[in-house]
Every structure is written in C-alpha cells, then in structure tokens.
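Novice: Heads up: the sequence shown begins at 4 in the UniProt record's numbering, then just goes up one per residue. Sending over a structure as structure tokens; questions will come in a sec.
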Amino acid sequence: QRFSRQPDTAGKLRVSFEFFPPKTDAMEDRLWETVKRLEPLAPSFVSVTYGAGGSTRERTARTVRRILEETTLTPAAHMTCVDASREEVDQVVAEFVEMGVKRFVALRGDPSAGVGAAYRPHPNGYANGAELTGAMKRQGDLDISVSAYPEKHPESPDFATDIDMLKRKVDNGATRAITQFFFDNDLYERYVERARRAGIYIPIVPGILPVHNFTQVANFAGRCGASVPGWLAERFAGLENEPQIHALVASAVAAEQVLDLIERGIDDFHFYTMNRADLVYAVSHMIGIRPKADLGAEQPAAA
Ligand code: FAD
C-alpha cells in the first residue's frame, strides 16, 4: 500500500545532487539549466566530480567556482589521487580551499588506463581514499565525504576488507559516506548493518541513480561494483526507442526505491543527476521536497 499515502516527511528529508564538469559549451548550458532548476530545492550541498588523472581539474574548478559565485548552493569538490603526487593533490585542495570550498569528496579514483586495469598509485601519491581524507583534514576543518560500496568495491576481496577501508576513512576524519548507486535496497541495508557492527557510525547516504538510459547503466554498472537486477531490466525492456515512456518508468522506479528507503528510516539522499534535472526533480517532489520561493527563482522587479 506504499503509494496510497504520502509519508510524513515534510521538512525532515535532505537531498544532495551530483554533477559532472561539462566538456563543451552545449553541455555547459545544459548543466546550468539543471543547476538553476534544482537550486530552489535547497539541497544540503551539490558535488562536482573530478575526472580520471585530473583531466577535468580545470573544469571541476571552474564549475565549483561558478556555483560559489552565481548560486546560493554549497559546493563539494570531488578529488582523486590518480596520477598525482601528494604535493600536487595538496596544491589542488589548497586552491579549492582558497576559493572558499569547505566540503570535499575524497576518492582514490580509477586507473587512468581505464576501469578494470590494476590500480597503481603514483610513486609519491596517496594510495587510497583513506590517505587522501587524512591529507585533506590536515589542511583545515574541512567536511570530507568518502565513497562506500553496498555490493563492495570490485577490488575488495570480501566485505570485511571493504568495510575495513571505510573504517580507515572514518578514522582519518571522514564524516559522511556516499554510496555507489544500487537498485536493491536490501543490499544497502545489509551493508549499513555491517558497517555499524564494525563501529562505523557516520551517515552512509544512499547514492540514487535515476535511470536516464537503461542500456548505458547496464553496461557500466558491473564495472563500478553495482548489480542490475533482472526485474529492473524487465521494467525497461523494449523502451530503447521510447524516450518519454522510458523517463516515466525511470521516475517511477527511482521514486519507488527512495520511498522504500524512507520506510526503512533513511532521511538523506544523494542523487547522481547526470546533469539533468527532470527525473531528480520529479523524485524529490514525490518525497515532499518543494522549491523554496526565495532561492534561485527570479525575483519580481521592484515597481
Ligand atoms: P578506495 O575506497 O580508496 O579504494 C577502493 C578499494 O580498493 C578498497 O575498498 C580496497 O578494496 C582497495 N584498496 C585501496 N587501497 C588499498 C590498500 N592499501 N590495500 C588493499 N586494498 C586497497 N571517480 C572519479 O574518477 N571521480 C569522481 O569524482 C568520482 N566520484 C565518486 C563519488 C562516489 C560517491 C563514488 C561511490 C565513486 C566515485 N568515483 C569517482 C569512482 C571511484 O573513483 C572508483 O570507484 C574507484 O575505483 C575507487 O575509488 P574509492 O575512493 O572508492 O577507492
């Protein structure tokens, strides 16, 4: 009977949104339309990803700066350890701090040779997200989020090793974990239980991926440690050339997932927006998040 009632969530839920830095002018326009559309929903923060090997370093910085200068939003800059010495990473973090950034998402990153290749840290670099978290904490009183993997990271031989890595991140100062996307809420819940049993008490915020393109999601999910259940494939089957129906189904699927998590007691959600507003806006609306009139919207001209 889940859809027969609106959960009493008014004012109790928090959301955050993730963007990636645009590569072209057209992508940049779309990102800013998305940012402006989502801004009135007053997310607790918006995060901006960092490309492999620092390939987006300038674009990440530019996007974060623009968020600081042109919106009311609080940006969080992602940072990785890939192909960079400790000094180089520290320098980039210092530049963000100088810019006014206080929130970061600390990641090891994927090998620049591509996901699936063995990860080799830079000889003078930070080895993983835990080491990077510690290094960021030494730069000041920063709010550091880290990654967590409900189905364990593909390189973790077992859950114990995976949880141990999360524990090292917490010990080094991480105050929030954001999960890889997942579609089976039981897997998430089991992971959180494992973490709690291991003495990890920081929020483990579910990362929700509204499915803009099922074929693409199915293709990259396995590589990033997320499984695609058969029932999900079934929901999208035959919709490859039906973009509008695909979007309606995607909105229902994501809302269903989030509403179920709310029933399980979750009150904070991180959305992978893919730089698009509609699905995230729809799901936020479904859980009672409404635009704040004084944020982002154009103010009427004074008479
Ligand atoms: P870590 O958690 O540091 O390590 C991953 C695993 O590697 C560990 O669980 C462990 O199994 C193994 N490992 C690491 N160090 C050791 C060690 N010393 N000894 C033994 N085993 C070890 N990628 C980007 O390039 N840019 C982004 O902006 C970005 N943002 C992301 C945001 C979120 C919320 C998530 C979940 C992922 C993001 N990623 C991003 C993807 C991420 O970089 C990859 O999943 C990468 O493979 C792992 O990075 P990590 O920080 O999770 O790694």
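Virtual Cβ for every residue (Gly too), placed ideally from N, Cα, C. The model shown is predicted, which means the values in this text are computed figures rather than measured ones.
Could you tell me which whole beta strand (DSSP E) segments of length 3 or greater appear in the region 128–156?
Specialist: 146–151
Novice: What residues are listed by DSSP as bridge partners for G210?
Specialist: The sequence position of residue 210 within the sequence shown is 207, counting from 1. In the DSSP output, where bridge partners are listed per residue, G210 has F184, H273.
Novice: Please state the DSSP three-state secondary structure of F107.
Specialist: Position 104 of the sequence shown, counting from 1, holds the residue named residue 107. The answer is strand: DSSP assigns F107 an E or B state.
Novice: Can you check whether the CB of A221 is closer than 9 Å to the CB of A236?
Specialist: For the purposes of this step, residue 236 is taken as residue 233 along the sequence shown, with counting starting at 1. For the purposes of this step, residue 221 is taken as residue 218 along the sequence shown, with counting starting at 1. Contact flag set, yes.
Novice: Could you please give me the residues that DSSP links to P78 through a beta bridge?
Specialist: Numbered from 1 along the sequence shown, position 75 holds the residue referred to as residue 78. Note: P78 sits in a beta bridge opposite V49.
Novice: Should T63 and V38 be called a contact, given that it needs their Cβ atoms to be closer than 9 Å?
Specialist: Taking the first residue of the sequence shown as 1, we reach residue 63 at position 60. Taking the first residue of the sequence shown as 1, we reach residue 38 at position 35. No, Cβ-Cβ distance for T63 and V38 is not below 9 Å.
Novice: On a CA-only basis, which of I265, S159, G103, K170 is nearest E134? Give me that one, please.
Specialist: Numbered from its first residue, the sequence shown carries residue 134 at position 131. Of the listed residues, the one whose Cα sits closest to E134 is K170.
Novice: Would you decide whether A163 is buried or exposed? Buried here means 16 or more other CB atoms lie within 10 Å of its CB.
Specialist: Translated into the one-based positions of the sequence shown, residue 163 becomes position 160. Exposed: under 16 other Cβ atoms inside 10 Å.
Novice: Hey, would you say A224 sits closer than 9 Å to F274, going by beta carbons?
Specialist: The count along the sequence shown starts at 1 and reaches residue 224 at position 221. The count along the sequence shown starts at 1 and reaches residue 274 at position 271. Contact flag unset, no.
Novice: May I ask you to report which of helix, strand or coil DSSP gives E21?
Specialist: To locate residue 21, count along the sequence shown from 1; it is residue 18. The answer is strand: DSSP assigns E21 an E or B state.
Novice: Locate the alpha helix (DSSP H) running through L169, then write down its first and last residues.
Specialist: Numbered from 1 along the sequence shown, position 166 holds the residue referred to as residue 169. Run containing L169: 162–174, per the alpha helix (DSSP H) assignment.
Novice: For F239, which residues of its own chain have a beta-carbon under 6 Å away from its beta-carbon, when the five flanking residues on both sides are left out?
Specialist: Taking the sequence shown and counting its residues from 1, the one referred to as residue 239 is at position 236. Excluding sequence positions up to five before and after F239, its CB lies within less than 6 Å of the CB of F217, all in the same chain and listed in chain order.
Novice: Going by the DSSP bridge assignment, what does A280 pair with across the sheet?
Specialist: The sequence position of residue 280 within the sequence shown is 277, counting from 1. In the DSSP output, where bridge partners are listed per residue, A280 has none listed.
Novice: Going by C-alpha distance, which of V261, C227, I292 is nearest G117?
Specialist: The residue labelled residue 117 in the question sits at position 114 within the sequence shown. Answer by Cα proximity: C227.
Novice: With DSSP run on the structure shown, which of helix, strand or coil describes R179?
Specialist: By 1-based counting over the sequence shown, the position of residue 179 is 176. Strand.
Novice: Let's see if you can read the secondary structure: which residues bound the alpha helix (DSSP H) around I70?
Specialist: The sequence position of residue 70 within the sequence shown is 67, counting from 1. Residue range 60–73 is occupied by the alpha helix (DSSP H) that includes I70.
Novice: On the three-pair Cβ rule with 8 Å, is the region 147–158 touching the region 106–114?
Specialist: yes
Novice: Could you say which of L44, V214, E196, P24 lies nearest to I207 if we only look at CA atoms?
Specialist: Residue mapping note: residue 207 aligns to position 204 of the sequence shown, counting from 1. Checked all of L44, V214, E196, P24; the closest Cα to I207 is E196.
Novice: Where A55 and G112 are concerned, what is the direct C-alpha to C-alpha distance, given to the nearest angstrom?
Specialist: Here residue 55 corresponds to residue number 52 of the sequence shown, with the count starting at 1. Here residue 112 corresponds to residue number 109 of the sequence shown, with the count starting at 1. Going from the Cα of A55 to the Cα of G112 covers about 7 Å.
Novice: If contacts are defined as beta-carbon pairs under 8 Å, then T276 and E21 qualify, I think. What distance do you get, rounded to the angstrom?
Specialist: Translated into positions along the sequence shown, residue 276 becomes position 273. Translated into positions along the sequence shown, residue 21 becomes position 18. With a Cβ gap of about 6 Å, T276 and E21 count as contacting.
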